[in-house]
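> What follows is a structure written as structure tokens; I'll ask about it next.
Put into structure tokens, the structure is as follows:
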């Protein structure tokens, strides 16, 4: 486990979720049964704002498969790793609370787009 991430410990993760990748520029949590991944990835900001000194930001993404196609939805974009970790915790908590309602990736997308669980 990277010292640069204040990651959720495995015993604190909702059932079925595990850390599958952790580098200084990326953290990926995957649900074993649903085939969903929640990813925090370092990206270049668009547009770059030299006055603010922002030379990178973080995207929170949901990756899933529908049939043979893989889709990636950007859920949020934040400027700090701490903000990203807050968003990650929020997403995983929403999944944990509503897991019985989720049977496939489409249900997961509906959950994340519902008014009471929005993250962006």
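Residue numbers (the UniProt record's numbering): 1 to 120. Glycine included, each C-beta is placed from N, C-alpha and C at the ideal position.
(1) Under 7 Å: does the beta carbon of residue 64 sit that close to some heavy atom of the ligand HEM?
(2) Mind reading off the beta-carbon distance from residue 94 to residue 62? Whole number of angstroms is fine, and I expect it under 8 Å.
(3) Using only alpha-carbon positions, find the residue among 78, 70 and 30 that is nearest to residue 43.
(4) DSSP three-state call for residue 68: helix, strand or coil?
(5) Using three-state DSSP, classify residue 34 as helix, strand or coil.
(6) Compute the distance between the beta-carbons of residue 76 and residue 87, then report whether it is under 8 Å.
(7) Quick check: the Cα distance between residue 100 and residue 114, rounded to an integer number of angstroms?
(8) Taking only the alpha-carbon atoms, compute the straight-line gap between residue 119 and residue 23 and give it to the nearest angstrom.
(9) Measuring only the C-alpha atoms, how far is residue 103 from residue 30?
Here's the rundown:
(1) This structure simply doesn't include the ligand HEM, nor any ligand for that matter.
(2) Actually they are not in contact, since the Cβ atoms of residue 94 and residue 62 sit about 11 Å apart, beyond 8 Å.
(3) 78
(4) coil
(5) coil
(6) yes
(7) 16 Å
(8) Unreliable positioning characterises residue 119 in this predicted model, as indicated by a pLDDT of 44, which lies under 50. A coordinate reading is not provided.
(9) 15 Å
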